[in-house]
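Residue numbers (the UniProt record's numbering): 1 to 315.
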């Protein structure tokens with residue numbers, strides 16, 4: 001899809017709701033704060049990791065991630081399970097029109113999306129990634145998640161063989177066992193970028209990649225309609241909906257649909273005075289990575305798994 005030369009595509013996607021925030025973003029001494037959680041990371045990690053190979057096609061990987069509800073898929077050698085890289089939902093969004101990986105579609109395949117999705121994962125995976133050893137501590141995982149903003153960390157042995165993966169949600173489950181006096185308004189992101197329901201999916205992809213977001217609230221006439229996540233966009237491809245009205249296979253057809261077509265009817269919200277312990281439990285129960293904060297029917301912020309991990313680690 002060619003970027004629009006005028007500014008008409010900016011008005012919904014580039015809106016930014018700026019509210020005064022109270023959260024503290026200073027440095028946290030993780031080793032001190034989480035001294036009680038020193039121990040092997042494998043105690044909370046997923047050991048039976050679903051993986052792909054470098055020759056696995058992009059569309060096959062998208063199918064696996066969509067079916068399993070994964071945000072990331074480690075890429076290993078078939079025989080040795082040596083870790084070679086990882087493909088994340090962010091890589092998929094980048095490939096679908098958000099960033100540099102879209103060149104695989106536009107340049108190598110002349111805009112033919114159907115041809116590009118049958119390329120191997122080596123074309124879009126992230127080869128140089130942060131890992132943890134099997135002897136790592138939970139405090140180490142927290143430090144990586146918060147300081148490097150990495151949502152999933154592969155765990156390898158001394159030979160580089162994949163032994164597990166630990167995610168933000170895994171860490172949050174451990175940290176959320178501690179009660180807290182803090183509320184949503186204390187930790188929420190109060191400067192929330194939003195998009196409109198008629199914004200093309202391709203524009204949303206570009207916004208997510210440019211700002212390094214995994215989700216965008218969808219707002220119409222100052223009313224929250226829903227949240228579109230990178231996983232929703234990937235699932236649009238993985239469940240085949242992207243291909244239902246294709247006639248030429250061109251990427252513009254795939255990514256030109258309005259983002260409203262991805263929204264589900266279910267929308268869960270929280271209020272600014274909600275305790276963060278309760279928020280964490282609700283996210284775990286609903287298996288969501290963020291909850292919008294609503295006050296007087298207006299969106300005032302967003303609380304993510306990342307925000308909660310950082311808040312609990314600083315308690």
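A virtual CB, placed ideally from N, CA and C, is assigned to each residue, including glycine.
First and last residue of the uninterrupted alpha helix (DSSP H) at residue i
i	result
residue 305	305-313
residue 235	230-238
residue 280	276-286
residue 85	No alpha helix (DSSP H) contains residue 85, which is instead part of the beta strand (DSSP E) from 83-88.
residue 71	Unbroken run through residue 71: none, as it is neither H nor E.
residue 144	138-148
Residue span of the beta strand (DSSP E) that contains residue i, given as start and end
i	result
residue 46	Run containing residue 46: none; DSSP gives neither H nor E here.
residue 193	191-194
residue 293	290-295
residue 214	Taken as a continuous stretch (DSSP letters only), residue 214 belongs to no beta strand (DSSP E), as it is neither H nor E.
residue 162	162-167
Candidates the options, of which the one nearest residue i by Cα
i	options	result
residue 92	105, 144 and 83	105
residue 219	43, 128, 197 and 284	197
residue 262	200, 46 and 70	200
residue 74	162, 179, 257 and 274	162
residue 43	118, 133, 58 and 99	133
residue 273	66, 210, 293 and 100	293
residue 192	302, 271 and 310	302
residue 321	110, 82 and 50	The chain is shown only over 1 to 315; residue 321 falls outside these bounds and no answer can be derived.
residue 195	216, 188 and 205	216
residue 166	233, 174 and 127	174
residue 264	233, 285, 211 and 256	233
residue 311	126, 186, 144 and 96	186
residue 169	141, 76, 157 and 190	141
residue 210	225, 224 and 230	230
residue 291	41, 155, 160 and 268	268
residue 223	188, 114 and 295	295
residue 63	285, 88 and 208	88
residue 188	275, 125 and 206	275
residue 280	221, 171, 45 and 225	171
residue 258	41, 202, 179 and 308	202
residue 70	204, 52, 145 and 112	52
Residues bridged to residue i (per DSSP)
i	result
residue 300	Answer is none; residue 300 lacks a bridge partner.
residue 183	275
residue 200	258
residue 120	57
residue 208	Answer is none; residue 208 lacks a bridge partner.
residue 133	156
residue 252	Paired residues: none, contrary to the question.
Counted within 10 angstroms of its Cβ, other Cβ atoms place residue i as buried (16 or more) or exposed
i	result
residue 297	exposed
residue 184	buried
residue 228	buried
residue 151	buried
residue 148	exposed
residue 277	buried
residue 306	buried
residue 25	The pLDDT assigned to residue 25 is 41, lower than 50, so where the model puts this residue is not dependable, and the model offers no usable value.
residue 101	buried
residue 271	exposed
residue 127	exposed
residue 50	exposed
residue 299	buried
residue 136	buried
residue 214	buried
residue 80	exposed
residue 287	exposed
residue 84	buried
residue 177	exposed
residue 94	buried
residue 158	exposed
residue 68	exposed
When you compare the region 223-243 with the region 58-65, are there three or more beta-carbon pairs, one atom per stretch, that lie closer than 8 Å? yes
Would the region 120-137 count as touching the region 47-57 if we require 3 or more Cβ pairs under 8 Å? yes
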